[in-house]
């Protein structure tokens, strides 16, 4: 990933919750940019263009302030818990040729062996890469893998130019044997029993119980008795 998204920013001098709300009402996003020993610069970014740019993880941004350009990465993006808006962004200044440490998502491809379950224990890997060449994802193939297979971080082939920061022994992919519905039910019942949880009798179990009692009752009738 070497292309950058160009965003024209405005310096801001008003701060606080009220000022931030006013900025968002204008469809803009409050942000702060810092790094490399520079003083933090408080800015306002265009809302729509910024949100589109940040749909891509670890997007490299060219921030233009008063006609001057500065490369930056979004370090922290605070999003509204309900509405699809960004509340605030922390940007870290980067330079061409500089290496940065980022979290890159793990993408699985292929189909494991039949009757197996593939679990992604770590959905990101921390990598060191050039700021201008951050990989979008790390691809891991699970094609044909049998139950019992485990893939550790150190065994994953990384994109060119990237170095692993995550512990090499960290488990990323775990392939296990799929269990049947009966085995799952038995495990659940055992876990509930250990926890002291009593199950409510299901309608089907109740019907079976009534049917059994009825059959036993008929068998206990004295000989020669008539049904009315």
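Residue numbers (the UniProt record's numbering): 1 to 228.
Each residue gets a CB set at the ideal place from its N, CA and C atoms; glycine is no exception.
For residue 68, collect the residues of the same chain with a Cβ closer than 7 Å to its Cβ; drop the 5 residues on either side in sequence, then sort them by chain order.
Mapped onto the chain shown, residue 68 falls at position 68. Excluding positions up to five away in sequence, the list is empty.
Where residue 47 falls: helix, strand or coil (DSSP)
Position 47 of the chain shown, counting from 1, holds the residue named residue 47. In this structure, residue 47 counts as helix in the three-state DSSP scheme.
Which word fits residue 102, buried or exposed, when buried means at least 16 other C-beta atoms lie within 10 angstroms of its C-beta?
Within the chain shown, the letter at position 102 stands for residue 102. Flag for residue 102 reads buried.
Please classify residue 188 as buried or exposed, where buried requires at least 16 other C-beta atoms within 10 Å of its C-beta.
Taking the first residue of the chain shown as 1, we reach residue 188 at position 188. Residue 188 should be labelled exposed.
For the UniProt domain "Large ribosomal subunit protein bL25 L25" (7-91), which segments carrying the beta strand (DSSP E) assignment without a break, of at least 3 residues, lie completely within its bounds, in sequence order?
28-35, 38-46, 60-65, 68-79
Neighbour-count burial assignment, residue 157, 16 or more Cβ in a 10 Å radius:
Counting from one through the chain shown, the residue named residue 157 turns up at place 157. Exposed, because fewer than 16 other Cβ atoms sit within 10 Å of the Cβ of residue 157.
Residues near residue 111 by beta carbon distance below 8 Å, same chain, minus five either side
Along the chain shown, read from residue 1 onward, the residue named residue 111 stands at position 111. So the list reads 142, 143, 144, once near-sequence residues are dropped.
Out of 46, 123, 104, 107, which one is the CA nearest neighbour of residue 298?
A query on residue 298 cannot be resolved here, the shown segment of the chain reaching from 1 to 228 and no further.
Spatial neighbours of residue 58 within its chain, please: CB distance less than 6 Å, with the 5 preceding and 5 following residues excluded, ordered by chain position.
Walking along the chain shown from the start, residue 58 turns up at place 58. Same-chain partners within the cutoff: 102, 134.
In three-state DSSP terms, what is residue 162?
Position 162 of the chain shown, counted from the start, is the residue given in the question as residue 162. In this structure, residue 162 counts as coil in the three-state DSSP scheme.
If you measure between the beta carbons of residue 93 and residue 125, is that distance less than 9 Å?
Mapped onto the chain shown, residue 93 falls at position 93. Mapped onto the chain shown, residue 125 falls at position 125. For residue 93 and residue 125, no; Cβs fall outside 9 Å.
Endpoints, beta strand (DSSP E) assigned at residue 129:
Position 129 of the chain shown, counting from 1, holds the residue named residue 129. Looking at the DSSP string, the run of the beta strand (DSSP E) that includes residue 129 is 124-130.
Can you say whether residue 7 is buried or exposed, counting buried as having 16 or more other CB atoms within 10 angstroms of its CB?
Locating residue 7 in the chain shown gives position 7, where the first residue counts as 1. With 16 or more Cβ atoms within 10 Å of its Cβ, residue 7 is classed as buried.
List the DSSP bridge partners of residue 108.
One-based indexing of the chain shown puts residue 108 at position 108. Answer is 140, bridged to residue 108.
Take residue 77 as the anchor and find which of 86, 70, 71 has the nearest alpha-carbon.
Indexing the chain shown from 1 puts residue 77 at position 77. Nearest option by C-alpha distance: 86.
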